[in-house]
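Following this note's numbering, the numbering of the sequence shown begins with 14 at its first residue and continues without gaps. Each residue gets a CB set at the ideal place from its N, CA and C atoms; glycine is no exception. Here the structure is a predicted model, which is why all the values come from computation and not from measurement. What follows is one structure encoded as structure tokens, with my remarks underneath.
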Amino acid sequence: MSDYVTVERADNQAMAELIRQRLEQSGIPCVVESGQTAALSGAGASYAIAVPADRADEARELLGE
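Next comes the structure, spelled out in structure tokens:
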């Protein structure tokens with residue numbers, strides 16, 4: 014399994030789910046890290062969306078559109 018990296022952050026679960034759906038619809042696997050996990054890693058948002066490191070550039074490009 015590839016290492017996962019954070020490509021986006023969301024302030025609430027609804028936005029995190031929308032981002033997750035967009036990535037998965039494009040064939041990019043992702044995980045949503047919520048609440049304490051994101052806070053412990055120093056994130057300013059409540060949810061961190063992570064994808065395999067080798068797909069990070071593709072995911073960032075998709076989300077930047």
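* How many Å lie between Leu75 and Ile62 at the Cα? -> Locating residue 75 in the sequence shown gives position 62, counting from the first residue. Locating residue 62 in the sequence shown gives position 49, counting from the first residue. Computed Cα separation, rounded: 13 Å.
* To do: Just the C-alpha distance for Glu46 and Ala23, rounded to the nearest angstrom, thanks.
  => Sequence index remark: in the sequence shown, residue 46 carries index 33 (1-based). Sequence index remark: in the sequence shown, residue 23 carries index 10 (1-based). If you take the alpha carbons of Glu46 and Ala23, they lie about 10 Å apart.
* **Reference Ala66, options Gly77, Val44, Ser59, Gln38, closest by Cα** => Residue mapping note: residue 66 aligns to position 53 of the sequence shown, counting from 1. With distances taken between Cα atoms, Ala66 lies closest to Val44.
* To do: Using the DSSP secondary-structure output, state which residues sit across from Glu46 in a beta bridge.
  => Reading the sequence shown from its first residue, position 33 is the one you call residue 46. The secondary-structure analysis by DSSP pairs Glu46 across a beta bridge with Ala61.
* Along the alpha helix (DSSP H) that carries Ala72, what are the first and last residues, could you check? => Residue 72 sits at position 59 when you count from the first residue of the sequence shown. That run of the alpha helix (DSSP H) goes 69 to 77.
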